[in-house]
Structures are given as structure tokens and as C-alpha cells.
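Just so you know, my numbering puts 220 at position 219 of the sequence shown, and the rest follows in order with no gaps. Every residue gets a Cβ at the ideal spot worked out from N, C-alpha and C, and that includes glycine.
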Amino acid sequence: MEKVTSKFTGFLRRNWKSILVLLAVTAANFIVHRKIFLEKGMASRKAFWVMAAFFAFFEIVLCSVIIAAKKKKWSIEKLYLILFSLIGSLYFITIPILRAPDESAHFLRAYEVSNGAIITSTAEDGKVGNNLPSSLEKFLSLADHSSYRNVLSNLKEPLNPGETKFYNYPTSAVYSPVNYAPQVVGMSVGKVLCLSPAVIAYLGRLANLVFFIVVTFFSIKYIPFFKKTIFLICFLPATIQSAASLSPDSITIASSIALLSFVLYSVKNLPAFTKKHYLLMAVLALIISQAKIVYFPLLALLLLIPRKCFGSKKNKVISLSLIIAVASILLLVWLKISASFLGDAWREGVDSYSQITFILTHPLQYVQAFAMTMLDESSHFIASGLGSQLEYFSVNVPTFCILLLFVILILVIRSDVIGIKKYFTNFQRFILFATPLSIIVLIATALYIQWTPTGLGRIEGIQGRYFLPILAFVPLCISSAKADKNKKESTPSNDTGLSTLTLILIITVSFCALSAVCANHL
């Protein structure tokens, strides 16, 4: 007994600061949870106490992991793997199925692809969709009447694949089947086992989450710069929600981070490329070419790879020309296929062809609309990109959480950019600035054409989450523009690279966000 007491008191002496922070954060979370439930008129329900105890338990577990990581000097990628697996699983469970943005449409498209239908059909009346099991209709009603009780009641509903009806989903039909590869794997397992639609959807979510964790884990492991920044970007509530849903945004964000990691690893370490390097580069280019067209400029990052990696300038030109040419052809092929799904059906009053004509004939008016939208909505884009609104924009995360995340992100980026400038030439710095800028312009233009009434003086439909795949460019742009040559670069390898306080604050933000989600569905 004395030996146990001695060990316990020794543990308290060594970790008293972390324990005090944990207790303070737990108390603060309890107050926030209560406030959220009071706003929902649910403070007297037993659900509040169950939820508070649930989150308190997970906070203790996660903070224990952080203390262990600090003591045993885990690498940042190992800490990321454990923390993201736990917090990602919480988002996976807490956010009801079909409540992520456009998740119903993505479920139908993924289910269609799992049936072998690579291209969505068009009915005689012009509607875009396909014949899928009639039983999906009851499951899809969860999107509008979602509660944990309703979800649980749907877990045993039979699929009955033999009885079908036509479903209309033009907004997700434009996505390439490549974007649903992880979801299709999980959903196919559920179909083979003859499970219910709800369980099939959750298996698709699970596969999407696992894919994101694996890709980002290796990306953080091999990226030589900005490990802490990538770590934090992955833990933004908006990022975790995408990863733990059926959204194809998950594969886009993960692939963009993986491409950046691959390129910067090449810039820093200058390895002589093997067949595995060429294969990985080609796969990443293929995935990005089949994402939304607005992210295609990400392939310009391949130009940053030094010619030493290819053996000679000639080999570099040939290799990159071949990869980019094939990616471009695949992009054009899918654009040709998906063009028939675009039209006025997306939103009443929108005419894409008239809008294109307006841009060509009134370019200055479009530039003005672009500038005004970016200036007026910049704070909204930043807040929503960090995760101020979860689910289908129906759950508002406490404002102080978003401000806290913003401050942490700025501080982490600032500490991550020291001494990096020396690795980039003037041409490479131009690419680092031009790539995210061109993507921002393409996002705005695409939504002006597809979602905004003709000639309107602002651009509608832009969401902060669309900028997540290029958020990692912020430290790149800063470091390539200005850096202190007298300071050594910061590239953590054998430590977490993040302070205990910062990690606990990240957990706090996630739990406050999930508390708001729970209050919305209990």
C-alpha cells in the first residue's frame, strides 16, 4: 500500500501543472455544456449529466495520453494517430448519420458506385439519379428528423435490395467515383453481409475515417516542415467532421496534405526517386485530378520537386509532363461526362450559361463582385473553415472556441515558419503563392457560375470548408516571403512539437462542439 501511495504522490509531483490544467478545463467544459443545454431548455434532463460524465471521462483519457506522450517523448505522428483516432471516433458517433453537409446525396452516390454504376443515369424527365432500394427512403428521412433514438431504431431496418425506386441527386452525381473509393469499400462490406442501410452508411463513414487517418499520419511523419501546422489543421472541427462523414471532402483534404508532404520531403531530403516514388506521385495526381476541378492547380506543386530527384532535367520534364498530361485528360473526360448533370436544377433562378456570358462580357463587374465578397465575408469564411457551424450548418459552436482555435493556429504557424526560406528558389516561391490564389479564384468563379443568379454583385454559396485543402499553404506563403536567417528551422521529430496546454485546448474545443451537437439531438 505504501509503495502504491508513493508512486501516486510521485506522479502528482511530476505532473501537477498538467493535472491543474486538466481540472480547470474539465470545470470550464462542464460550465459550457450546462450553458448549451440551458439554451436548449434541457438543463434538468438526465441526459445532461450523462453527457457531462461521458466527456469528462474522455478528457481524462485524452489528457493521460498527452502526459504519457510527453513523458515517453513520442513522435508527433504517433501522438496524432492516437488522439485523432479517439476524437475522430467521437465525431463519428456523436454526429448522427446523414447530418454532415450533403451527406444524404453523398450516400446515394456512394451506394450507386458500390453497385458498379460509375456514371449516374438521367431519367426521361431530365432528373439525375438512379434506381436504388426503396428501403433507403425511410433511412434518408433521418436527415430531417434526426435524433439518437431515431438512428438506433433504424439500425435493424432491412435493406431489401430487390425493391427499388428512383432517387434524384444531381449535386453529388458530378463527383467522380474516385472520390468515393474509401466509402465504397466500407459500404460494400455491409451489403455483402446484408446489413441495414444505416449500418451500411456507418461502415462507409468508418472506411472514410480510417483512410483519412492513415494518409494524414504518414503525411505528418514524412513532411519535413510545418508538422505542427498540419497537425492542427487536421484537428479543426470542420476537418474532423468531413473525415468522420461520407463526404468526399475527406479524400480531397487528405490527398492535398499528402501531396504537399511528398513534395516538401523531396525538396528537403532530395531522394533519388524509385518506382515507389513515381507510383505514389501518379496516384496522388490521379486522385486530385478527379476531385473538384478547382483543386487541379495543386498539381503545380510537382514543379517544386528538384530535378536531382529525377536524375536529370530531361527525366523531370518527361515524367512530370506525362503525369500532368494523363491527369489533365482524366479531368477533361470526367468534365465531359459530368457536364450533362449541370444545369438550372441545382438552384432556381440560376443559369450557368448566361452567367458565363456575363463574366466574359462584364469582366470588371465580376472582379468587383469577387473583391466585395472576399472582403465582406472574410470573417465568415475563416470562422466556418475552422468549424463554427457543424452538421448541416445547424449547430453553432461557441464563439470563444473559434477565437481560441484561431489564436492557436496563428501561434503555431508563427513557430513553424522559422528558417524555411532558404529551401525555396524564386520560381518555387512564385508557385507557392500562385497555387492557393488560383484555387481561391476558381472556387469563387465556380460558385458564381453554378450557384449565383446572373449579374449579381456578390458571389453566393462559398463555404469556409472549401478552403481547407489549401490552408496548409499559409505557413508556406509566409515562410517563403519572409524568414529570419539567423534562426534555426523548427522541425520536431522526437517530441510532440505541441505544448500540453495547446493540445488540451484543442480537445476542449472539440468537446464543446460535440456538446452542442449532442444537445441538438437528445
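Three-way DSSP call (helix, strand, coil) for residue i in this model
i	result
residue 296	helix
residue 239	helix
residue 396	strand
residue 208	helix
residue 96	coil
residue 335	helix
residue 473	coil
residue 517	helix
residue 459	coil
residue 103	coil
residue 377	helix
residue 183	helix
residue 245	coil
residue 449	helix
residue 464	coil
residue 192	helix
residue 438	helix
residue 230	helix
residue 109	helix
residue 158	coil
residue 504	helix
residue 81	helix
residue 317	helix
residue 371	helix
residue 383	helix
residue 74	coil
residue 176	coil
residue 364	helix
residue 526	Given that the chain is displayed from residue 2 to residue 523, the structure contains no residue 526 and the question cannot be resolved.
residue 21	helix
residue 253	helix
residue 7	helix
residue 311	coil
residue 89	helix
residue 116	coil
residue 425	coil
Bridge partners - residue i, DSSP secondary structure assignment
i	result
residue 122	130
residue 1	Residue 1 is absent from the structure shown; the chain starts at 2 and stops at 523.
residue 391	396
Residue i vs residue j beta-carbon contact at 8 Å
i	j	result
residue 86	residue 229	no
residue 447	residue 374	no
residue 168	residue 131	yes
residue 210	residue 388	no
residue 1	residue 111	Residue numbering for the chain in the displayed model covers 2 to 523; residue 1 lies beyond these limits and cannot be assessed.
residue 466	residue 385	yes
residue 325	residue 305	no
residue 181	residue 114	yes
residue 253	residue 286	no
residue 92	residue 221	no
residue 456	residue 359	yes
residue 272	residue 439	no
residue 141	residue 99	yes
residue 119	residue 178	yes
residue 398	residue 245	no
residue 226	residue 265	yes
residue 437	residue 351	no
residue 475	residue 414	yes
residue 382	residue 479	no
residue 108	residue 247	yes
residue 302	residue 261	yes
residue 129	residue 170	yes
residue 251	residue 243	yes
residue 279	residue 320	yes
Any non-hydrogen atom of the ligand ZN within 7 Å of residue i CB
i	result
residue 72	Looking at this structure, you won't find the ligand ZN or any other ligand, since it has none at all.
Does the contact criterion of 3 or more C-beta pairs under 8 Å hold for the segment 202-222 versus the segment 63-70? When Cβ pairs closer than 8 Å are counted between the two stretches, the segment 202-222 is seen not to touch the segment 63-70, the count staying below three.
Count Cβ pairs between the segment 302-316 and the segment 150-166 that sit closer than 8 Å; are there 3 or more? At 8 Å Cβ cutoff, the stretches do not touch.
The segment 156-174 / the segment 124-144 touching (three or more Cβ pairs under 8 Å): Yes, the segment 156-174 is in contact with the segment 124-144.
Which runs of the alpha helix (DSSP H) at least 4 residues long sit entirely within the segment 261-308? Give them in chain order. With a minimum length of 4 residues, the continuous alpha helix (DSSP H) runs that stay inside the segment 261-308 are 276-290.
Using 8 Å as the cut-off, can you tell me whether the segment 117-128 makes contact with the segment 183-194, which would need three or more C-beta pairs spanning the two stretches below that distance? The segment 117-128 vs the segment 183-194: no contact.
Could you check whether the segment 457-474 touches the segment 501-517, counting it as contact only if at least three pairs of C-beta atoms, one from each stretch, sit closer than 8 Å? Result no; under three Cβ-Cβ pairs closer than 8 Å.
With contact counted as at least three CB pairs below 8 Å, one residue from each stretch, are the segment 508-516 and the segment 399-416 in contact? Result yes; three or more Cβ-Cβ pairs closer than 8 Å.
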